[in-house]
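In the UniProt record's numbering, the protein residues as written are 1 to 345.
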């Protein structure tokens, strides 16, 4: 295997257009260095954060051009550095990779032990529990502080993170409202137990919230930003919390769109309400605990993971070059569930 070539996707230009930003390139397989594990990837996960990385807006991953791309994958250990414990990291062990820097959009990837999370087998559905699952579960618990009986509204509820958030909040005894943009997404959300589904492209969001939830929303899981944030803010309950997880409405253009709420401190104080920012990587100490629970829920059929493996035109997302199609699919907002790409032809 040593000296063989593999393909990977790299960013060569900062751009909102992935076809301008990225190219597939080749690299040689080398033995892993001390402290490294070489993993053969079977599947990679696409995330909204990729858009901020490829545009250069993300200050967390401000690499000089060109740079590797991709933050999560699922694969098996191919070889290990001489100082890696073979009992703890045996050859052939399946695992999820949550990279600290972009690099997973590749057939092979070199990782540190803290980036590798062992899993029972090569089941692609586990990939939906990593970035998305950890974000939803830890975010709702630690930032949202959800409690049984509370009304929780999830934006982008049919997406990779959103559909896990819906189920996590339901499992905690919350009444869950799911916000989405198509009828097929509405049907999906009903199928996973969403108490109220709102198609914001068709339904009158403000009227529904005023009429059906006059006491307001206890927790708002906010991933859209801009106008949606401003509208939902007006429906906070006394003691309500808005958890800011992202702002996908602006990722293709400006990043986080500006919001305009007059007298914000006074309005928050008047309701004893709060706005909380959440970035799941700040809670790394909880990753193993929550990932173990998520996997257990999935294996016991108490959590459904929806994967999106085709473009809207029906093209299978297979191979390194298909990652470009997958990112465009994610950008379109038409994905249903977690977007993943298979690297096994």
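Glycine included, every Cβ here is placed at the ideal spot set by N, Cα and C.
Since the structure is predicted, the reported quantities are computational estimates derived from the model, not experimental observations.
Between the beta-carbon of residue i and the beta-carbon of residue j, is there less than 8 Å?
i: residue 71; j: residue 283; result: no
i: residue 338; j: residue 294; result: no
i: residue 243; j: residue 144; result: yes
i: residue 192; j: residue 167; result: yes
i: residue 127; j: residue 45; result: yes
i: residue 343; j: residue 319; result: yes
i: residue 164; j: residue 136; result: yes
i: residue 155; j: residue 224; result: yes
i: residue 58; j: residue 97; result: no
i: residue 261; j: residue 233; result: yes
i: residue 240; j: residue 211; result: no
i: residue 157; j: residue 180; result: yes
i: residue 18; j: residue 54; result: yes
i: residue 43; j: residue 107; result: no
i: residue 24; j: residue 38; result: no
i: residue 195; j: residue 177; result: yes
i: residue 271; j: residue 238; result: yes
i: residue 415; j: residue 189; result: With the chain running from 1 to 345 in the structure shown, residue 415 is simply not present.
Tell me, please, which residues DSSP counts as bridged to residue i.
i: residue 308; result: 339
i: residue 73; result: 44, 97
i: residue 68; result: 10
i: residue 221; result: 154, 243
i: residue 196; result: 177
i: residue 277; result: 244
i: residue 23; result: 10
i: residue 318; result: 342
i: residue 118; result: 95
i: residue 28; result: 5
i: residue 106; result: 8
i: residue 111; result: 37
i: residue 159; result: 337
i: residue 79; result: 38
i: residue 134; result: According to DSSP, residue 134 bridges with nothing at all.
Report the CB separation of residue i from residue j in whole angstroms; it is logged as a contact under 8 Å.
i: residue 110; j: residue 26; result: The pair is not a contact, with the Cβ atoms about 16 Å apart (cut-off 8 Å).
i: residue 75; j: residue 40; result: 5 Å
i: residue 68; j: residue 103; result: 4 Å
i: residue 66; j: residue 29; result: The Cβ separation is near 19 Å, so there is no contact.
Starting from the C-beta of residue i, find all residues in its chain whose C-beta is less than 7 Å away, skip the five residues before and the five after it, and write them out in chain order.
i: residue 129; result: 291, 294, 295, 298, 305
i: residue 34; result: 81, 82, 83
i: residue 112; result: 35, 36
i: residue 335; result: 159, 308, 329
i: residue 346; result: Since the displayed the chain opens at 1 and closes at 345, residue 346 lies outside it and no answer follows.
i: residue 121; result: 94
i: residue 206; result: 231
i: residue 115; result: 97, 98, 99, 100
Which same chain residues end up closer than 6 Å to residue i when comparing Cβ atoms and leaving out the 5 residues on each side of it in sequence?
i: residue 174; result: 146, 150, 152
i: residue 273; result: 236, 240
i: residue 303; result: 167, 297
i: residue 162; result: 154, 156
i: residue 204; result: none
i: residue 222; result: 155, 229, 242, 244
i: residue 323; result: 9, 105, 341
With a CB to CB cut of under 8 Å and the five nearest residues on each side skipped, what residues in its chain are close to residue i?
i: residue 148; result: 172, 173, 174
i: residue 125; result: 298, 305, 307
i: residue 312; result: 329, 332, 334
Query - Validate contact between the stretch 266-279 and the stretch 87-99 using beta carbons, cut 8 Å, 3 pairs - result: no
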